[in-house]
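Note sheet for the following structure.
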Amino acid sequence: MSDTGAWGFTDDRGVAVTAVRAPERVVAYVRAGAALLDLGVTPVAVYGSGHDGDALDPVKAGGLEAAGVRYLGPGRGLEEEALRGLRPDLVVDVTYDGKSPYALEEAVADRLGVPSVALCVGNELSLPRIIGRFGDLAATLRPASAEAVGGSLASAEGVLRAAAGRAEVTVLALSGAGTDQVHLARPHAWPELARLLELGVRLLDPGPGPGANWLTADWEHAARLAPDLVLFDSRANAVGPEAFPPVGHARVAPWNPELPPSPVAYAGFFRAVAAALAA
1320 MSDTGAWGFT DDRGVAVTAV RAPERVVAYV RAGAALLDLG VTPVAVYGSG HDGDALDPVK
1380 AGGLEAAGVR YLGPGRGLEE EALRGLRPDL VVDVTYDGKS PYALEEAVAD RLGVPSVALC
1440 VGNELSLPRI IGRFGDLAAT LRPASAEAVG GSLASAEGVL RAAAGRAEVT VLALSGAGTD
1500 QVHLARPHAW PELARLLELG VRLLDPGPGP GANWLTADWE HAARLAPDLV LFDSRANAVG
1560 PEAFPPVGHA RVAPWNPELP PSPVAYAGFF RAVAAALAA
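The opening position of the sequence shown corresponds to residue 1320 in our numbering, with each subsequent residue numbered one higher.
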């Protein structure tokens, strides 16, 4: 932010946006909005992705529901007049490829004359950098939110590192697609899973085959990997452990692949993984 009070931010596509003052009415993709809320910036509304329905997925919501933030439904089906009626002065999305917003077409914001930014959540950036970029944006929107927020995350990482060092537990991350099919996560394709590896968690790779982020296979393939612990996709669009077959003798714990990129959210996830390793 300049000395004249003008606001500016360059997003992870390299797009620079400016305004005469810091935006106050932010509409965001659910994941981005939940992260901003954790960082002290409350959106006026959030929208979902193509995986989301007419109701907000509570797993992805973070503190949005408790804060009374309105959910507009999937971004691709968003009625522009409804968005216009909210009088937004900034749209915040995420990007996986560093080129395009993930959940809302940029042309929508353009037609409304509203600046839009997209922050990377793909594996081009490390998890600490992803979290840091959301902190950077939040700090421009509400400077008070830039106060120290990383201490709990550093502490949680220490707890996880210690738990991983004590437990010889192999871990498989997956997303249930049905009773006959499962998507097995490639750890290095997911920033949070790559961070788990860095902290000493013994994540299993599903092996060769098509798919950059997932290997789609049957449940027998998952069982042959013989994990001690399964991190299952807990989002509403995935099949949970109550409906998929046992993966050998593995115990299960939830994993949200769209966790809000904030220190508090990932601190909670790391502590939960540490507890699951020690169980």
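Cβ atoms here follow ideal geometry from the backbone N, Cα and C, with glycine treated the same way.
Can you tell me which of the three DSSP states residue i falls into?
i     : result
A1465 : Note that A1465 has pLDDT 45, beneath the 50 cutoff, so the model's placement of it is unreliable and the number below is only indicative. The answer is helix: DSSP assigns A1465 an H, G or I state.
G1290 : Nothing can be reported for residue 1290: it is not among the residues displayed for the chain, which extend from 1320 to 1598.
Y1390 : strand
V1336 : strand
D1357 : helix
D1371 : coil
D1416 : coil
L1550 : strand
P1510 : helix
V1558 : strand
F1563 : coil
G1528 : coil
P1377 : helix
A1401 : helix
L1456 : helix
A1422 : coil
S1581 : coil
E1476 : helix
L1446 : helix
A1385 : coil
L1596 : helix
V1427 : helix
L1544 : coil
G1441 : coil
A1341 : coil
Return yes when the Cβ of residue j is within less than 8 Å of the Cβ of residue i, no when it is not.
i     : j     : result
D1407 : V1339 : Just to set this straight, residue 1407 is Pro in the shown sequence, not Asp. It is not a contact, given that the beta carbons lie outside the stated cut-off.
A1504 : L1516 : no
G1441 : D1416 : yes
G1497 : V1558 : yes
P1434 : L1405 : no
L1596 : A1473 : no
G1396 : A1422 : no
P1525 : A1513 : no
P1560 : L1523 : no
A1508 : N1532 : yes
F1453 : A1354 : yes
A1475 : R1590 : yes
G1382 : L1358 : no
Y1390 : E1511 : no
L1479 : V1592 : yes
L1438 : D1331 : yes
P1362 : G1369 : no
To which residues does DSSP link residue i through a beta bridge?
i     : result
P1362 : Paired residue(s): none; P1362 is not in a bridge.
H1502 : S1494, T1535
S1435 : V1410
T1489 : R1521
A1572 : L1550
A1347 : V1365, V1411
For the putative contact between residue i and residue j, defined by C-beta atoms under 8 Å, what is the C-beta separation to the nearest angstrom?
i     : j     : result
K1379 : V1360 : Not quite, the Cβ-Cβ distance comes to about 18 Å (not below 8 Å), so this is no contact.
L1460 : P1342 : 6 Å
E1399 : L1431 : 7 Å
V1336 : G1327 : 7 Å
V1549 : V1520 : Contact flag wrong, Cβ pair sits at about 13 Å.
P1580 : I1450 : 5 Å
G1567 : A1542 : 5 Å
G1387 : Y1366 : The Cβ separation is near 16 Å, so there is no contact.
V1488 : G1495 : Not confirmed; about 21 Å, so no contact.
F1551 : P1573 : 6 Å
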